[in-house]
Amino acid sequence: MSETVLAPGTPRTQAPRLSTLDRWLPVWIGLAMVAGLVLGRFVPGLAGVLTALEVGGISVPIGLGLLVMMYPVLAKVRYDKVGAVTGDKKLLISSLALNWLLGPALMFALAWVLLPDLPEYRTGLIIVGLARCIAMVVIWNDLACGDREAAAVLVAINSVFQVVAFSLLGYFYLSVLPGWLGLDTQGLDVSVGQIALNVLVFLGVPLLAGFASRWIGERAKGRDWYEATFVPRIGPWALYGLLFTIVLLFALQGEAVTSNPLDVARIALPLLVYFALMWGIGIALGKTLGLGYARSTTLAFTAAGNNFELAIAVAIGTFGATSGQALAGVVGPLIEVPVLVGLVYVSLWLARRLFHTDPNSLPGSTPPMEEA
């Protein structure tokens with residue numbers, strides 16, 4: 047994907063006026079988090095109702111929220127351009143290395159260094175590190191004007207590796223490696239079928255819907271109508287789905303989070319370090335490899351994000367809904383959401399300062415600077 051590079055001294059183009067939704071995005075996300083925590087804390091039985099509404103270990107309300115969140119973004123992808131991404135070996139190899147070698151190893155190290163006396167939380171964090179992001183990352187990437195086609199390819203590859211490698215890496219990092227190092231070991235009981243179902247629901251369904259929308263829309267009324275009329279109409283629903291999902295996630299463990307603030311703070315520290323390091327390494331690696339702003343940003347966010355739904359489901363299924371492992375999983379999005387929202391704005395700032403690129407003028411981009 048070509049990028050508009052700003053020469054030194056070049057006047058910056060004026061960004062389009064922010065929509066109300068986009069202008070106050072951090073505020074809406076903060077309010078959604080608070081609303082979820084308050085609901086979980088003061089509405090008796092709400093968490094139990096949400097937990098009961100599960101099919102195959104997947105929460106139906108949260109699943110619907112994620113589908114609404116992901117569909118508009120995946121409907122924006124130009125699937126005829128995906129072939130150009132699959133030929134970018136530097137991007138693909140870098141993503142695989144960051145996601146499946148560095149990410150789990152870094153979380154393992156941080157969990158043991160910063161939580162040596164809290165085995166349940168430590169195990170929960172290691173599970174979070176194993177669950178690579180296939181859902182919410184498409185939102186962060188889109189808001190930061192990353193490469194949509196690259197994001198679609200990378201999350202698809204992560205999904206395949208997740209089905210194959212999650213259980214094996216869980217066994218290695220919770221049983222084998224600690225044994226080699228003389229540390230405490232912990233088992234992990236999760237089926238490949240459960241992981242595959244998670245991937246199918248949270249990636250397969252919205253990906254198919256997005257592809258079908260573009261294929262039908264372009265053939266019926268053309269690409270110009272599709273991108274100028276249809277996409278802007280469905281675009282805001284991605285953020286509506288995000289806010290709805292955040293409320294539900296935080297409501298599930300609102301009482302646990304508000305009742306154990308010190309424990310939450312202990313869990314938050316390694317997560318903060320993890321998200322910052324993974325994103326920073328990703329953006330720096332992309333810059334070093336000459337991937338350009340859009341693909342460097344996609345590389346960074348796909349490396350930093352995690353599949354919180356899978357991590358929470360595995361923790362609850364293996365250790366119980368009230369376990370420390372489950373609490374660590376829930377604290378994951380509690381920290382990830384505000385941190386990665388902040389990194390969206392850091393990315394847009396670095397586009398000009400580090401990559402000398404105007405993110406608003408990238409081909410096909412619809413940044414959070416477009417009137418909904």
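With positions in the sequence shown counted from 1, the corresponding number in this note's numbering is that position plus 46.
For glycine and all other residues, C-beta sits at the position ideal for the given N, C-alpha and C.
Check	Outcome
Please classify Thr403: does DSSP put it in a helix, a strand, or coil?	strand
Please state if the CB of Ile185 and the CB of Leu288 are separated by a distance shorter than 8 Å.	yes
Taking its Cβ as the centre, do 16 or more other Cβ atoms sit within 10 Å of Lys122, making it buried, or is it exposed?	buried
Could you say which of Leu243, Ala340, Ile292 and Glu301 lies nearest to Val73 if we only look at CA atoms?	Ile292
On the CB-based measure, 16 or more other CB atoms within 10 Å of its CB, does Ala311 come out buried or exposed?	exposed
For Arg178, which beta-bridge partners are listed by DSSP?	Asn352
What three-state label does DSSP hand Ser369 in the structure shown?	coil
Assign Leu315 to one of two classes, buried (16 or more other C-beta atoms within 10 Å of its C-beta) or exposed (fewer than that).	exposed
To the nearest angstrom, report how far apart Val247 and Gly109 are at their CA atoms.	8 Å
Please return the same chain residues whose Cβ sits closer than 7 Å to the Cβ of Ile358, not counting the five positions on each side in sequence.	Ala372, Gly375 and Val376
Is it true that the CB of Leu200 sits closer than 8 Å to the CB of Thr334?	no
Tell me the start and end of each unbroken alpha helix (DSSP H) in the region 230–276 that is at least 4 residues and wholly inside, in chain order.	238–245 and 251–267
Residues in the same chain with beta-carbon distance under 8 Å from Val84, minus the five sequence neighbours each way, listed in chain order, please.	Gly300
State the start and end residues of the unbroken alpha helix (DSSP H) segment that holds Lys135.	Lys135 to Ala143
Assuming Asn352 and Gly378 are in contact, meaning their beta carbons sit under 8 Å apart, how far apart are those beta carbons, in whole angstroms?	6 Å
How far does the alpha helix (DSSP H) with Val123 in it extend, from its first residue to its last?	No alpha helix (DSSP H) holds Val123; DSSP gives it neither H nor E.
Short of 8 Å in beta carbon distance, which residues of its chain neighbour Pro384, apart from the five on each side in sequence? Order them along the chain.	Pro72, Ile75, Gly76 and Met79
Does the separation of the CB atoms of Ile423 and Leu138 fall below 8 Å?	The question about residue 423 has no answer, for the chain in this structure spans 47 to 418.
Report all residues from its chain with a CB closer than 6 Å to the CB of Asp193; omit the five preceding and five following residues, and keep chain order.	Met47, Ala340, Arg341 and Thr344
Identify the continuous alpha helix (DSSP H) that holds Gly91 and give its terminal residues.	Note, Gly91: premise wrong, no alpha helix (DSSP H); not H, not E.
Residues in the same chain with beta-carbon distance under 7 Å from Leu92, minus the five sequence neighbours each way, listed in chain order, please.	Leu85, Gly86 and Ala297
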